[in-house]
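If you read the sequences in order, they're chains A and B.
Under numbering that gives the first Met the number 0, the first residue of the first sequence carries the number 0, and numbering increases by one thereafter.
Under numbering that gives the first Met the number 0, the first residue of the second sequence carries the number 0, and numbering increases by one thereafter.
Worksheet: one structure, shown below.
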Amino acid sequence: MAKVLMKGNEAIGAAAMEAGCKYFFGYPITPQSELPEYMSRELPKAGGIFLQAESELAAINMVYGAAGSGVRVMTSSSSPGISLKQEGISYIAGAELPCLIVNIMRGGPGLGSIQPSQTDYFQATRGGGNGDYRLVVLAPANVQELVDLIIEGFDIADQYRNPVMILGDGMIGQMMEPVEFKAPKKRELPEKDWATTGTGGKRKPNIINSLYLQPEDLEEHNIRLQQKYNDIKKNEIKVESYNLEEADVVIAAYGTTSRIAKTAISQLEKEGYKVGLIRPITLWPYPYDEFEKINDNCKGILTVEMNSGQMLDDVKIAVKGKYPVYFHSRTGGMIPTPNEIIEKVKKIYGGEI
Amino acid sequence: MEERITIAGFGGQGVMAIGQLLTYAGMIEDKNVSWLPSYGPEMRGGTANCGVTISSEDVGSPVVVDASTAIVMNKPSLDKFEPTIVEGGKLFINSSLIDQKAERDDIEVYYIPANEIAEELGNMKVANMVILGAYLEVAKPVKVESILEGFTKVFGEKKAKLIPINKKALEKGAEVVRKQMAATV
Numbered sequence: 000m001a002k003v004l005m006k007g008n009e010a011i012g013a014a015a016m017e018a019g020c021k022y023f024f025g026y027p028i029t030p031q032s033e034l035p036e037y038m039s040r041e042l043p044k045a046g047g048i049f050l051q052a053e054s055e056l057a058a059i060n061m062v063y064g065a066a067g068s069g070v071r072v073m074t075s076s077s078s079p080g081i082s083l084k085q086e087g088i089s090y091i092a093g094a095e096l097p098c099l100i101v102n103i104m105r106g107g108p109g110l111g112s113i114q115p116s117q118t119d120y121f122q123a124t125r126g127g128g129n130g131d132y133r134l135v136v137l138a139p140a141n142v143q144e145l146v147d148l149i150i151e152g153f154d155i156a157d158q159y160r161n162p163v164m165i166l167g168d169g170m171i172g173q174m175m176e177p178v179e180f181k182a183p184k185k186r187e188l189p190e191k192d193w194a195t196t197g198t199g200g201k202r203k204p205n206i207i208n209s210l211y212l213q214p215e216d217l218e219e220h221n222i223r224l225q226q227k228y229n230d231i232k233k234n235e236i237k238v239e240s241y242n243l244e245e246a247d248v249v250i251a252a253y254g255t256t257s258r259i260a261k262t263a264i265s266q267l268e269k270e271g272y273k274v275g276l277i278r279p280i281t282l283w284p285y286p287y288d289e290f291e292k293i294n295d296n297c298k299g300i301l302t303v304e305m306n307s308g309q310m311l312d313d314v315k316i317a318v319k320g321k322y323p324v325y326f327h328s329r330t331g332g333m334i335p336t337p338n339e340i341i342e343k344v345k346k347i348y349g350g351e352i
Numbered sequence: 000m001e002e003r004i005t006i007a008g009f010g011g012q013g014v015m016a017i018g019q020l021l022t023y024a025g026m027i028e029d030k031n032v033s034w035l036p037s038y039g040p041e042m043r044g045g046t047a048n049c050g051v052t053i054s055s056e057d058v059g060s061p062v063v064v065d066a067s068t069a070i071v072m073n074k075p076s077l078d079k080f081e082p083t084i085v086e087g088g089k090l091f092i093n094s095s096l097i098d099q100k101a102e103r104d105d106i107e108v109y110y111i112p113a114n115e116i117a118e119e120l121g122n123m124k125v126a127n128m129v130i131l132g133a134y135l136e137v138a139k140p141v142k143v144e145s146i147l148e149g150f151t152k153v154f155g156e157k158k159a160k161l162i163p164i165n166k167k168a169l170e171k172g173a174e175v176v177r178k179q180m181a182a183t184v
């Protein structure tokens, strides 16, 4: 298929349909409303169902129900709406159902603003709902990668029976870039023999549930969940890195912020500085081991985020105190500029911070 | 090669549209492209702008903070974006609606009476295409044919009948700017 120019939000919809998603339940919110709009127009044509729920709570519980019947289903929202969905997400994780949840982040806390941010990193990677659960969290940096990760995200969700979250920001949702729809690497996906599709009088009913009243049973369930999460950690980490062997300073950034870092890095290289990059593509599981590849003489790690320091914690866990960890941030919907990053790197070089 | 273009004006002047045309044309020519709109609690008649990057390399930051070119369709846009242009960059001013001159002398400035030309052509809506034509003539980031090829992709097949008038607007903009360039040499 030839390249087409698409807005991030619409590309999400097209990619989901490409992956066989036929059901979308959501509630509009800026800056991702083009996605439900796209789905409302395109899904019915493909024999699917688009339903604008009365609230985010209703939408996520519709996803819970549809996922329980074994179909590919998704929802999307932006930060405050994703907060409302947390209860349902915890239930879906507890009941081990595959689905895709898209968060096109905006400034917070509360209603915040409608401009881009990365302030929901903690919520996405630590679990915004109750209980010991994990989402697979994917952070695309451009519209092509967004499309690829949506398509692969449905496979990951099915393979592990786990919700997958796409964590983008207002910028990637709104920007237009060329995309091509490609099939992901083939995975062996298990039969959905757990789905509630009707017994036909031939088998015992399947039960979708997250309630285990016997503590022994719930402990066993949790141990099994953790085993699954360990498998995901082993198999699914994605990261892009650059020049870790030579770099005097390594920038850690994800999503659109990593692109701003790349612009800064190429400018710094022209001026003779050696700067590397670690760009986690999976935010959970986090690519901690990648930081082991940084050379011993590196002067420090600069984390750049559009929040007040959330991935910063993971970077500190990853480097285990071996290098100083610095931070640059813009927040509230402001976007860091390449020049701000360049200045900061030069200060680290000069030992000024 | 990397062109970073800011296009700004009132909502309704078609600044987003010519940004998309440029982006599409860049894609058709196999360049790396990115289009990022400003978005906010805005309304018809409010300000609108977008940033377009056309590059032979991967596009880094999609945010155009140091434009190689700015196209401004109204006065608030001139005030806001003139300072953001890199030294030696280009500024295209819609002189039909902006009676003020650029302040900087370290950039190339072109004054295009886009609305007047559009009116002469009989369609006020093509003012954006007039100024785009001028920009294409000077900077040559993409071919005019690629812009026309992308036209129905951006505006839909139903608008194909408007290609001739839009083509004329591009040509007229190019003609006006050629005269200005000849006058300054």
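By construction, the Cβ of each residue, glycine as well, lies at the ideal position given by its N, Cα and C atoms.
Keep in mind it's a predicted model, so treat the numbers as computed, not measured.
Cβ pair residue i, residue j closer than 7 angstroms
i: A126 of chain B; j: A138 of chain B; result: no
i: I206 of chain A; j: Q266 of chain A; result: no
i: A123 of chain A; j: M164 of chain A; result: yes
i: Q114 of chain A; j: G169 of chain A; result: yes
i: I149 of chain A; j: I11 of chain A; result: yes
i: F91 of chain B; j: Y134 of chain B; result: yes
i: V71 of chain B; j: A16 of chain B; result: no
i: N234 of chain A; j: L166 of chain A; result: no
i: A173 of chain B; j: G121 of chain B; result: no
i: E176 of chain A; j: S54 of chain B; result: no
i: T198 of chain A; j: P204 of chain A; result: yes
i: I4 of chain B; j: S145 of chain B; result: no
i: G126 of chain A; j: G332 of chain A; result: no
i: M305 of chain A; j: R278 of chain A; result: no
i: W283 of chain A; j: R133 of chain A; result: yes
Proximity test, Cβ basis, 7 angstroms: residue i and chain B
i: L4 of chain A; result: yes
i: I334 of chain A; result: yes
i: E363 of chain A; result: With chain A running from 0 to 352 in the structure shown, residue 363 of chain A is simply not present.
i: E339 of chain A; result: no
i: T173 of chain A; result: Correcting the residue type first, residue 173 of chain A is Gln in the shown sequence and not Thr. True, the Cβ-Cβ gap to chain B drops below 7 angstroms.
i: P177 of chain A; result: yes
i: K261 of chain A; result: yes
Extent of the continuous beta strand (DSSP E) to which residue i belongs
i: I103 of chain A; result: C98 to M104
i: N48 of chain B; result: T46 to S54
i: F121 of chain A; result: From DSSP, F121 of chain A is part of no beta strand (DSSP E) but of the alpha helix (DSSP H) over Y120 to R125.
i: T68 of chain B; result: A66 to V71
Rounded C-alpha distance that separates residue i from residue j
i: G25 of chain A; j: D192 of chain A; result: 27 angstroms
i: G349 of chain A; j: G275 of chain A; result: 17 angstroms
i: V176 of chain B; j: I111 of chain B; result: 7 angstroms
i: V129 of chain B; j: S39 of chain A; result: 36 angstroms
i: E268 of chain A; j: T195 of chain A; result: 57 angstroms
i: V70 of chain A; j: G299 of chain A; result: 47 angstroms
i: V324 of chain A; j: T302 of chain A; result: 7 angstroms
i: A69 of chain B; j: P75 of chain B; result: 13 angstroms
i: G87 of chain B; j: Q99 of chain B; result: 20 angstroms
i: G25 of chain B; j: V3 of chain A; result: 12 angstroms
i: V151 of chain B; j: N161 of chain A; result: Per the sequence shown, residue 151 of chain B should be read as Thr rather than Val. Taking the straight line joining both Cα atoms gives about 41 angstroms.
i: M123 of chain B; j: A47 of chain B; result: 18 angstroms
i: A66 of chain A; j: E219 of chain A; result: 23 angstroms
i: A194 of chain B; j: A66 of chain B; result: Residue 194 of chain B falls outside the range modelled here, since chain B spans only 0 to 184, and no answer is possible.
i: A1 of chain A; j: L243 of chain A; result: 35 angstroms
Range covered by the alpha helix (DSSP H) that runs through residue i
i: N60 of chain A; result: E55 to G67
i: V153 of chain B; result: V143 to F154
i: A7 of chain B; result: A7 of chain B -> not in any alpha helix (DSSP H); beta strand (DSSP E) instead, spanning E1 to F9.
i: V136 of chain A; result: Element bounds for V136 of chain A: not the alpha helix (DSSP H) but the beta strand (DSSP E), V135 to L137.
i: P163 of chain B; result: I162 to T183
i: K6 of chain A; result: Taken as a continuous stretch (DSSP letters only), K6 of chain A belongs to no alpha helix (DSSP H), being part of the beta strand (DSSP E) at V3 to K6.
i: V14 of chain B; result: V14 to I27
i: V137 of chain B; result: A126 to A138
Where residue i meets chain E, residues with beta-carbon distance less than 8 angstroms
i: R258 of chain A; result: Of the chains in the structure shown, none is chain E; the protein chains are A and B.
Any C-beta of chain A under 7 angstroms from that of residue i
i: Y109 of chain B; result: no
i: V64 of chain B; result: yes
i: L35 of chain B; result: yes
i: Y134 of chain B; result: no
i: M15 of chain B; result: no
i: M0 of chain B; result: no
i: M180 of chain B; result: no
i: M72 of chain B; result: no
Residue i CB to nearest heavy atom of the ligand SAH below 6 angstroms
i: I116 of chain B; result: As for the ligand SAH, it is missing from this structure, which has no ligand bound.
Length at least 3, wholly inside the stretch 201-282 of chain A: the beta strand (DSSP E) runs in chain order: Under the rule that a run must span 3 or more residues, the beta strand (DSSP E) segments found entirely inside the stretch 201-282 of chain A read 238-241, 248-251 and 274-279.
Alpha helix (DSSP H) runs contained entirely in the stretch 282-342 of chain A, provided each spans 4 or more residues: Within the stretch 282-342 of chain A, the complete alpha helix (DSSP H) segments at least 4 residues long are 310-318, listed from N- to C-terminus.
Those runs of the alpha helix (DSSP H) which lie wholly inside the stretch 158-185 of chain A and span at least 4 residues: List check, alpha helix (DSSP H) in window: 169-173.
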